[in-house]
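Read the structure below first, then the notes.
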Amino acid sequence: MERYNFKDFEQKWQNNWNEKKLFRAKLDKNKKKFYCLEMFPYPSGNIHMGHVRNYTIGDVLSRYKKLQGFNVLHPMGWDSFGLPAENAAKQNNLDPKIWTQTNIERMKFQLKKLGLSIDWEREISTCSPDYYKYQQIFFLELFDKGLVYRKESYVNWDPIDQTVLANEQVIEGKGWRSGAIVERKKLNQWFFNITKFSQELLDGLDKLDQWPNKVKTMQKNWIGRSFGCEINFKIEGDLPVNEIKCYTTRPDTLFGFSFLAVSPDHPISTFYNENKEFLKFKDDCSKTGTTEESIAQAEKIGFKTNLLAINPLNNKKVPVYFANFVLMDYGFGAIFGCPAHDQRDLDFANKYNLEILPVVKPENEDNTFKITKLAYTGPGLIFNSDFLNDLKAPNESISETIKILENKNIGKKKINFRLKDWGISRQRYWGCPIPIAYNKQNEALKIPLESLPIKLPDKINLNTTGNPLEHAKEWKNIKINGEDCVMETDTLDTFVDSSWYFLRFCSPKNDKYGFSKDEVDYWMPVDQYIGGVEHAILHLLYSRFFTRALENKNNEFNITEPFLGLFTQGMVCHETYKNEDGAWLNPKEVESSNGKDYFVKGNPKKRVKVGTSESMSKSKKNTIDPEEMITNYGADAVRLFILSDSPPEKDVQWSDQGMLAAYKFIQKFWLIHQSIKNEIFSTNENKMENTVEMEFQKFTNEIIDKITKNLNNFHYNVIIANFHETYNFLSKLKINKIKKSILSENYLKILTIMSPVIPHIASECINQIQNKDETNWPNIDKKFLEKKKLQIVVQLNGKKRGLITCDANTDEDQLLTLIKSDGQYKKFFKDMKIIKTIYVKDRLVNLILK
RNA sequence: GCCCUCGUGGUGAAAUUGGUAGACACAAAGGACUUAAAAUCCUUGCCGCUUGCGGAGUGCCAGUUCGAGUCUGGCCGAGGGCACCA
2 MERYNFKDFE QKWQNNWNEK KLFRAKLDKN KKKFYCLEMF PYPSGNIHMG
52 HVRNYTIGDV LSRYKKLQGF NVLHPMGWDS FGLPAENAAK QNNLDPKIWT
102 QTNIERMKFQ LKKLGLSIDW EREISTCSPD YYKYQQIFFL ELFDKGLVYR
152 KESYVNWDPI DQTVLANEQV IEGKGWRSGA IVERKKLNQW FFNITKFSQE
202 LLDGLDKLDQ WPNKVKTMQK NWIGRSFGCE INFKIEGDLP VNEIKCYTTR
252 PDTLFGFSFL AVSPDHPIST FYNENKEFLK FKDDCSKTGT TEESIAQAEK
302 IGFKTNLLAI NPLNNKKVPV YFANFVLMDY GFGAIFGCPA HDQRDLDFAN
352 KYNLEILPVV KPENEDNTFK ITKLAYTGPG LIFNSDFLND LKAPNESISE
402 TIKILENKNI GKKKINFRLK DWGISRQRYW GCPIPIAYNK QNEALKIPLE
452 SLPIKLPDKI NLNTTGNPLE HAKEWKNIKI NGEDCVMETD TLDTFVDSSW
502 YFLRFCSPKN DKYGFSKDEV DYWMPVDQYI GGVEHAILHL LYSRFFTRAL
552 ENKNNEFNIT EPFLGLFTQG MVCHETYKNE DGAWLNPKEV ESSNGKDYFV
602 KGNPKKRVKV GTSESMSKSK KNTIDPEEMI TNYGADAVRL FILSDSPPEK
652 DVQWSDQGML AAYKFIQKFW LIHQSIKNEI FSTNENKMEN TVEMEFQKFT
702 NEIIDKITKN LNNFHYNVII ANFHETYNFL SKLKINKIKK SILSENYLKI
752 LTIMSPVIPH IASECINQIQ NKDETNWPNI DKKFLEKKKL QIVVQLNGKK
802 RGLITCDANT DEDQLLTLIK SDGQYKKFFK DMKIIKTIYV KDRLVNLILK
């Protein structure tokens, strides 16, 4: 028998789908649509196993929905702006455009080999002016809506390279390339006013019932809504400062107020610009470590002013400090210190010998309750607080105190968000130019629509200090309404590019606007979005914001949530290997004879240390090249393996044995297909056996039922198990005892339900049996799901004692008689009485004996 | 520190509503076929009594229930997110 030649067949079917334009999506209002989208890749050079997993999951879903009769939109594009292209171009003296284009072609070739059901006619690339033109239009729309603004903000500045660094380019406080200590520098930058939508973005989460809870809580925490109160404290002292505003979530602890602390960047710090001691203090503040954790655990330090803050409730005067732990960009950059009930305030008070007055006591404590090292943040009763005494903290006391403060005009209720506005300026060449120019008065002017797109200049020298666009003199000079202006040289954060690409896929060729109303109305929202959990916060939140920002004040567009369903897949992992010198080794460079001891390939004396299994990464060299796997085993086998073993939301472990097993499955299946095909087309007449026919039809309908359910729930690993069950069943089936029409009809159903996962071999097998192209997802014939004979569990006192075979719908009494007459239970009934019977229909009987 | 998720054989895992724990696969061991190897097929979770049967068993401790991997409370462990957010 001939082996399955996957190379020929996979090529044959990919050509066939391509020629028939099978995956071209066309707007058809009479058909129900399904928009399946996977996160588009960054064109880094080659696809990796993470892409294979992501796009296989999406492809299985798309093909399944298509078979179910949906009008499926399944597009692909390229997130092609960004730093790696600029760096690679710098290193190799290339044009980023050429580098990117070469990578795209290479990766497109690789993706096509996987046999994905993608409508390639809708391909988009964010670095193309055909794409970013509309992004510039959107930017100006948002500008008009007041959702874009400019303000001074800090950046990471590399003093040697004279360039702005992204956070991930700062390694242990130093520039990744120069190694220089990174400075904070203030620059004028553009922002999207995402905080305007804080509440909406939070509320919207509740409606996203097809999103993982994990992602929703992450977004919730990121938005970080808190309920509290702003309080205006009167100030006395040697400066022209009359009051300082603070934000607090615990106004009920106001009687425990013992200091007021402001951020070193607080506006009142301008009075200390000449004060050497203050400047030294500010310097000390910035010296604490760079990791988030070390910042959080840094020692609390303060700088005492000569100001006094007055407690509005009892007119007590307390000192005012600058403190390193107060953040300028949350609340008002000033806090009221209540050491007894806040750990940070307590640490600070202990260090500077400030009063610690407890005002909340746990229910079981009396008025002698004291605080020393550990702040009390739990519930209890208010005390030491005059007219607030005996209120229940926190629920009753907070709302009651806010009422009193509001009545006295001292403070008012306020809701705060942790979310900050989105800084979108990047001082880089390889990004979307911001369509703004500045006149002589340095006013920001919009570039007129007819001048869009503002294209990136070609053939630019990248080996400059700072942003290469700064040096593009010709490009920078522009006339707006006859006025000489200078272009904005910042480009947009690449997260902006990916915040609306799902809209562009609906109308990729529209040259009037970013999308057309008709098409967006039909295709949006995305029914299923699939991608890595690493985008759980930023990309998804930005996309949700951008969609809302477009919807804002726009009657033509009324979508607020772009992604109806979200699925976050796990990573692809592999063991890591190191040689004796501690250098990483690729799996290809490693060998083992027994699966325990590893050594360098071809050199059994050089031992290899096996490390933990980690997400595949170039730096650890634990990568497997998808293209090579497709060449060796075929796309179907790779698709089969990447879905097997682990549920798609969890990390999956790459294993060579697993890959091989998937390959063997394809080969085994081909053999059994040959015998079934031969039987179907044979002319010899055999004796039919009704029971075999029944058994086959029962199995077919059961497996359709199982696979359909598993597809709907993303239990793709179980589907692979179902395939093995199917193979095991077919290999034992007496196919020559089945009527040919029943055999081919049911076998075709089986091939159809397998086709989303292994489309090439399934198409070939289907094609060998029937000669038409259209196949639909098979319906289940319910009569084959009904069981005639049942095995019912017999439990005695809740413990399984055996199984009993009976007809369906046997009633309790009949069952009891059957059990009593069965010899194997006799010993249990000895000297016992049945005092209770629990009967779960068609499933189990539990007899309680005494 | 706060928030979230998850703990099932040697391994990856499966198990509608609480109702036969371990489907399916990988690995290992034993066996069949073979002159031999490869390939293929069969058997095997643990403990006890050599069969048949009995017992324990889903991180640990308790609870609810006729019945708990599944529900509740507490503890332990692993992973992830946020991080001085007042």
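One rule links them: number in my numbering = place in the first sequence (from 1) + 1.
Even for Gly, the Cβ is constructed at its ideal location relative to N, Cα and C.
Following the continuous beta strand (DSSP E) through residue i, name the residue where it begins and the one where it ends.
i: M488; result: 484–488
i: I839; result: 835–841
i: I403; result: That residue, I403, is in no beta strand (DSSP E); its alpha helix (DSSP H) goes 396–408.
i: K414; result: 412–418
i: I138; result: I138 -> not in any beta strand (DSSP E); alpha helix (DSSP H) instead, spanning 130–145.
i: H575; result: 573–579
What did DSSP end up calling residue i once you bin it into helix, strand or coil?
i: C766; result: helix
i: C286; result: helix
i: V693; result: helix
i: V183; result: coil
i: S452; result: helix
i: W585; result: strand
i: K707; result: helix
i: F700; result: helix
i: S154; result: strand
i: F323; result: strand
i: G332; result: coil
i: H674; result: helix
i: Y5; result: coil
i: K393; result: strand
i: R427; result: strand
Based on Cα-Cα distance, which residue from the options lies nearest to residue i?
i: F234; options: K750, R54, E124, P313; result: P313
i: D266; options: I461, N316, F323, Y248; result: F323
i: T806; options: G799, Q792, T818, F830; result: Q792
i: N873; options: W14, N810, E3; result: This structure cannot settle anything about residue 873, because the visible part of the chain is limited to 2 through 851.
i: P588; options: D598, A394, D582, T577; result: T577
i: N316; options: L115, K404, E237; result: E237
i: S745; options: F24, F71, L731; result: L731
i: F829; options: K842, Q796, D808, D814; result: Q796
i: K8; options: Y664, I625, K831, I720; result: Y664
i: H575; options: M660, Q442, E520, P563; result: M660
i: G225; options: V327, V171, V321, G332; result: G332
i: E244; options: G257, P268, F228, S227; result: P268
i: T692; options: K740, Q136, W655; result: K740
Note down, in chain order, each residue of its chain lying with its Cβ closer than 7 Å to the Cβ of residue i, except the 5 sequence neighbours on either side.
i: A86; result: P97, W100, T101, W431
i: V165; result: V156, N157, W158, Q428
i: N737; result: E680, N687
i: H1; result: What the structure shows of the chain is the stretch from 2 to 851, and residue 1 is not part of that stretch, so it cannot be assessed.
i: P44; result: W79, S81, T101, N104, I105, M108
i: I119; result: F24, H75, P76, M77
i: K221; result: L203, L206
i: K707; result: N723
With a CB to CB cut of under 6 Å and the five nearest residues on each side skipped, what residues in its chain are close to residue i?
i: M525; result: I560
i: Y748; result: I677
i: I437; result: A445, E489
i: L117; result: Y56, D60
i: R123; result: P76, F506, P509
The alpha helix (DSSP H) that contains residue i, what's its start and end?
i: K602; result: Note, K602: premise wrong, no alpha helix (DSSP H); not H, not E.
i: L446; result: Premise fails: L446 lies in the beta strand (DSSP E), 445–447, not in any alpha helix (DSSP H).
i: T495; result: 495–498
i: I99; result: 97–114
i: L358; result: Premise fails: L358 is in no alpha helix (DSSP H) and is neither H nor E.
i: Y543; result: 539–552
Quick one: does the C-beta of residue i sit closer than 7 Å to a heavy atom of the ligand ATP?
i: N555; result: Only the bare structure without any ligand can be found here, which leaves the ligand ATP out of the picture.
Any chance you could list the alpha helix (DSSP H) runs of at least 4 consecutive residues sitting entirely within the segment 759–827, in chain order? Note on the segment 759–827: whole alpha helix (DSSP H) runs with a minimum of 4 residues are 760–770, 813–822, in chain order.
Could you pull out every unbroken alpha helix (DSSP H) segment of at least 4 residues lying fully inside the segment 723–751, listed in chain order? none
Quick one: which unbroken beta strand (DSSP E) runs of 3-plus residues sit fully inside the segment 623–649? Chain order, please. none
If we require 3 or more residues per run, which beta strand (DSSP E) segments fall completely within the segment 33–93? 34–39, 72–74
Could I get the ranges of all uninterrupted beta strand (DSSP E) runs contained in the segment 200–280, with 3 residues as the minimum, in chain order? 226–237, 244–249, 260–263
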